[in-house]
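Enquirer: Attaching a single structure in structure tokens format; questions to follow.
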Amino acid sequence: MAKVATRDWYDIARDTNWTPTYVAEDEMFPPQFSDPYGIPLAEWETFDEPYKITFRDYVQSQREKDVGAYSVKSAIARTEFYRKASPGWKSLLQLHFGAVSFTEYGSVSAFARMSRFARAPGMRNMANFGSLDEIRHAQIQMYFAYEFIGESRAFDWAQKAVRTNNWVVISERHCFDDIEHTRDVISAAIMTNFSFEQAFTNLQFVALSADAKKYGDYSFATMLQTIQSDEARHAQIGEPLIEIMLRNGRKAEAQKLIDISFWRIWKQFSVLSGVSMDYYTPLEQRELSFKEFVKEFVGNQFLRNIQALGLEKPWYWDEYFLPDIDVYHHAQQIGIYLYRATEWWDVIAGVSPAERQWLESKYPGWNDTFGQVWDVITENILAGRLERTEPKLLPMMCNMVGFELTGVPGKKWDVRDCQVDYEGRRYHFGHPVDKWIFEQEPKRYKNHMGFIDRIVRGIVPAGPDGVFDYMNMGEADRGNCGENFAWAESYRRAAE
Amino acid sequence: MDSFPLVINFQGDYGMKVMMVDPDTTTIGEVARIAHDELVGVVVKPLPPGTRLVVRRHTDGQPLDDGKTVAAAGLVFLEAVDIVHG
Numbered sequence: 001m002a003k004v005a006t007r008d009w010y011d012i013a014r015d016t017n018w019t020p021t022y023v024a025e026d027e028m029f030p031p032q033f034s035d036p037y038g039i040p041l042a043e044w045e046t047f048d049e050p051y052k053i054t055f056r057d058y059v060q061s062q063r064e065k066d067v068g069a070y071s072v073k074s075a076i077a078r079t080e081f082y083r084k085a086s087p088g089w090k091s092l093l094q095l096h097f098g099a100v101s102f103t104e105y106g107s108v109s110a111f112a113r114m115s116r117f118a119r120a121p122g123m124r125n126m127a128n129f130g131s132l133d134e135i136r137h138a139q140i141q142m143y144f145a146y147e148f149i150g151e152s153r154a155f156d157w158a159q160k161a162v163r164t165n166n167w168v169v170i171s172e173r174h175c176f177d178d179i180e181h182t183r184d185v186i187s188a189a190i191m192t193n194f195s196f197e198q199a200f201t202n203l204q205f206v207a208l209s210a211d212a213k214k215y216g217d218y219s220f221a222t223m224l225q226t227i228q229s230d231e232a233r234h235a236q237i238g239e240p241l242i243e244i245m246l247r248n249g250r251k252a253e254a255q256k257l258i259d260i261s262f263w264r265i266w267k268q269f270s271v272l273s274g275v276s277m278d279y280y281t282p283l284e285q286r287e288l289s290f291k292e293f294v295k296e297f298v299g300n301q302f303l304r305n306i307q308a309l310g311l312e313k314p315w316y317w318d319e320y321f322l323p324d325i326d327v328y329h330h331a332q333q334i335g336i337y338l339y340r341a342t343e344w345w346d347v348i349a350g351v352s353p354a355e356r357q358w359l360e361s362k363y364p365g366w367n368d369t370f371g372q373v374w375d376v377i378t379e380n381i382l383a384g385r386l387e388r389t390e391p392k393l394l395p396m397m398c399n400m401v402g403f404e405l406t407g408v409p410g411k412k413w414d415v416r417d418c419q420v421d422y423e424g425r426r427y428h429f430g431h432p433v434d435k436w437i438f439e440q441e442p443k444r445y446k447n448h449m450g451f452i453d454r455i456v457r458g459i460v461p462a463g464p465d466g467v468f469d470y471m472n473m474g475e476a477d478r479g480n481c482g483e484n485f486a487w488a489e490s491y492r493r494a495a496e
Numbered sequence: 001m002d003s004f005p006l007v008i009n010f011q012g013d014y015g016m017k018v019m020m021v022d023p024d025t026t027t028i029g030e031v032a033r034i035a036h037d038e039l040v041g042v043v044v045k046p047l048p049p050g051t052r053l054v055v056r057r058h059t060d061g062q063p064l065d066d067g068k069t070v071a072a073a074g075l076v077f078l079e080a081v082d083i084v085h086g
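Quick note, the sequences are listed as chains A and B, same order.
The opening position of the first sequence corresponds to residue 1 in the UniProt record's numbering, with each subsequent residue numbered one higher.
The opening position of the second sequence corresponds to residue 1 in the UniProt record's numbering, with each subsequent residue numbered one higher.
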């Protein structure tokens, strides 16, 4: 029997809209879940995904990806590679698997909601594949992490993280709950598929994959590549939605969704990818600096995508986003090192004399600013004052991002707190954009208790171990210096 | 009892910190001294000899009297203060 070409049946097969007779249209697709923008059904039916795939082809290509990723090396070889890896690469893997795996699992339900509530049949179809993608991403990352459990307890966090109140995890949950899980499916898809997946997943899954390949971690590189190939496909759900919004007079709403989500995801990736690339990746294997990767993938590619759709770059792009690329992750890296006991991974300083030279060349002025704090930390380690490398004062955290409220230290000191007093509570934000996001919808954000809020309001148990008990971190779970402070010895040798 | 949080923005530090104080007994001068002891030599380089620290309200830059208590200075729960070289 002659096979009918896909293009001849695809559109008909996935056009599964019908006129309900047992329930009203609004009961089947409640506006608050399906479309608060009031766009006519006929418009949603024009949704045309740029990348079309059949279920048969999908299964075949996913199987091939899995075969490729799982068979790069045997489990024994991967474990052997891990044992010989540099402390920085170990930190990177520990951070990645703990921070990323559960967000992938969460995305399964985000896509499932699109499959259920989207009014565009093409979107429902694509979202089904998206759910399957995210199941695969969660599984493969938990599988790879599990292989290393015998090497480090940190890999337990691939599964454990989401069930804890670790401060990093609280920050992630707040961000991804906001953009993926607590909005109607149109808003969530624009925020997730367009802002998050088109702008930023390239950083962690393509740029980091390049570093991994250069480092010789082919398993990790291949795994990241297979994930990104899925992201690249289902990220395309966003563009047709934006086109429909624009055609129906909803440009301002689409722009705002992007402006909010771009910034929220930027902060997460600035820390996750920024610290991994500029501090944890061994110097010799760094493909580009984080800033250079951001300028290529976000500054060029994503900006082109936004403008091609007829939208504007986010209002804060020039004034706040571009300068933030130079500073945010450097300040966060200091705090991550100092408050290492509160993190599940073993941290790396990444500031040996050669690394500092590299940082200064990529980020001119680094030595006069962030380097000033590292000078103090280095001196304390060399003098054996390790207790002075862990501050007794708690860090203040941003009420939007959930990370430390930071700025520029040292000779160009500039740390600012943007405050909002709302219904009797003072909120603190690390940046005017974080404050702006809060002010767009205070009712959405006002009840969130960040980690520091929980401490100062007595929600976290008192006592020296109260914070750790609250974060479900026994002594064995707490991060250490991954090099046992040996990195500072390079300064002593340099002085001699 | 030290159950009242202030947000400390110490000159030279990379980020803000939280200090728990007793608002009725802790003076502004003591806030500066505690911050100095906890942060200089930890995240900030030793200050030049004779450096005087000034505490000011972060929102409006209003200098605060060293001798007043936190409560008397009118600082609210989680008030942010800058501690800068005078």
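Ideal placement from N, C-alpha and C gives every residue a C-beta, glycine not left out.
If Q236/A and Y51/A are in contact, beta carbons under 8 angstroms, what's the gap, nearest whole angstrom?
Expert: A Cβ-Cβ distance of about 5 angstroms is found for the pair Q236/A and Y51/A, placing them in contact under the 8 angstroms criterion.
Enquirer: So with Cβ pairs under 9 angstroms, would you call E404/A a contact of chain B?
Expert: yes
Enquirer: From which residue to which residue does the beta strand (DSSP E) around R56/B run?
Expert: Note, R56/B: beta strand (DSSP E), 53-57.
Enquirer: What's the gap between the Cα of T51/B and the Cα of H85/B?
Expert: 6 angstroms
Enquirer: I want to verify the contact list: residues of chain A whose CB lies under 9 angstroms from the CB of T59/B, in sequence order.
Expert: Residues of chain A whose Cβ lies closer than 9 angstroms to the Cβ of T59/B are, in chain order, D417, Q419.
Enquirer: Using a Cβ cut-off of 7 angstroms, which residues of the region 372-406 of chain A contact any Cβ in chain B, in chain order?
Expert: Q372, V373, D375, V376, R388, P391, K392, L393, L394, P395, M396, E404, L405, T406
Enquirer: For F370/A, which residues in chain B fall below 8 angstroms Cβ to Cβ?
Expert: Y14
Enquirer: State the CB to CB distance for the pair G15/B and V23/A, rounded to an integer number of angstroms; the pair is presumed to be in contact (CB under 8 angstroms).
Expert: In fact, because the Cβ distance is near 53 angstroms, the residues do not count as touching under 8 angstroms.
Enquirer: From K17/B to C481/A, what does the alpha carbon distance come to, in whole angstroms?
Expert: 22 angstroms
Enquirer: Measuring CB to CB, does V100/A end up less than 9 angstroms from D13/B?
Expert: Note that the C-beta distance between V100/A and D13/B is not below 9 angstroms.
Enquirer: If I follow the unbroken beta strand (DSSP E) through H431/A, where does it start and stop?
Expert: H431/A -> no beta strand (DSSP E), and no H or E assigned at all.
Enquirer: Which two residues bound the contiguous beta strand (DSSP E) that contains C418/A?
Expert: Element bounds for C418/A: 418-422.
Enquirer: Counting Cβ pairs closer than 8 angstroms, one from the region 421-441 of chain A and one from the region 370-386 of chain A, do we hit at least three?
Expert: The region 421-441 of chain A vs the region 370-386 of chain A: no contact.
Enquirer: Taking 9 angstroms as the cut-off, decide whether the C-beta atoms of residue 89/B and V21/B are in contact.
Expert: Nothing can be reported for residue 89/B: it is not among the residues displayed for chain B, which extend from 1 to 86.
Enquirer: Cutting at 6 angstroms between CB atoms, please list the residues of its own chain near A349/A, excluding the five before and the five after it.
Expert: Y337, W487
Enquirer: Note down, in chain order, every chain A residue with its Cβ under 8 angstroms from the Cβ of I28/B.
Expert: In chain order: nothing, as chain A lies at least about 17 angstroms away.
Enquirer: Taking 6 angstroms as the limit between beta carbons, can you name the residues of its chain near Y316/A, skipping five residues before and five after?
Expert: V433
Enquirer: For chain B, is any of its Cβ atoms less than 9 angstroms away from the one on A13/A?
Expert: By this cut-off, A13/A is not an interface position.
Enquirer: At a CB-CB cut-off below 9 angstroms, which residues of chain B make contact with M456/A?
Expert: A small correction: the amino acid at residue 456/A is Val; Met does not occupy that position in the sequence shown. Those within 9 angstroms of V456/A in chain B are S3, F4, P5, V18, M20, F77, L78.
Enquirer: Output, in chain order, the set of chain A residues within a Cβ distance shorter than 9 angstroms of L39/B.
Expert: P391, L393
Enquirer: Quick test of your reading: A120/A and T192/A, contact by CB under 8 angstroms. State the CB separation rounded to the nearest angstrom.
Expert: In fact, because the Cβ distance is near 16 angstroms, the residues do not count as touching under 8 angstroms.
Enquirer: So does the region 217-235 of chain A actually touch the region 126-144 of chain A, counting three or more Cβ pairs closer than 8 angstroms?
Expert: yes
Enquirer: Quick check for students: name the residue ranges of the alpha helix (DSSP H) that lie wholly in the region 289-334 of chain A, counting only runs of 4 or more.
Expert: 290-294, 303-308
Enquirer: At the 9 angstroms Cβ level, is I8/B part of the contact set with chain A, yes or no?
Expert: yes
Enquirer: Is the Cβ of L322/A closer than 9 angstroms to any Cβ of chain B?
Expert: No, L322/A does not count as interfacial toward chain B.
Enquirer: So within the region 155-199 of chain A, which uninterrupted beta strand (DSSP E) runs reach at least 3 residues, ignoring any that extend past its ends?
Expert: none
Enquirer: Tell me, which residues are paired with E79/B by DSSP?
Expert: L6/B
Enquirer: Given this structure, state the Cα-to-Cα distance separating I452/A from A254/A, to the nearest angstrom.
Expert: 33 angstroms
Enquirer: Taking M20/B as part of the beta strand (DSSP E), name the residues at either end of that continuous run.
Expert: 17-21
Enquirer: Pick helix, strand or coil for M126/A, following the three-state DSSP scheme.
Expert: helix
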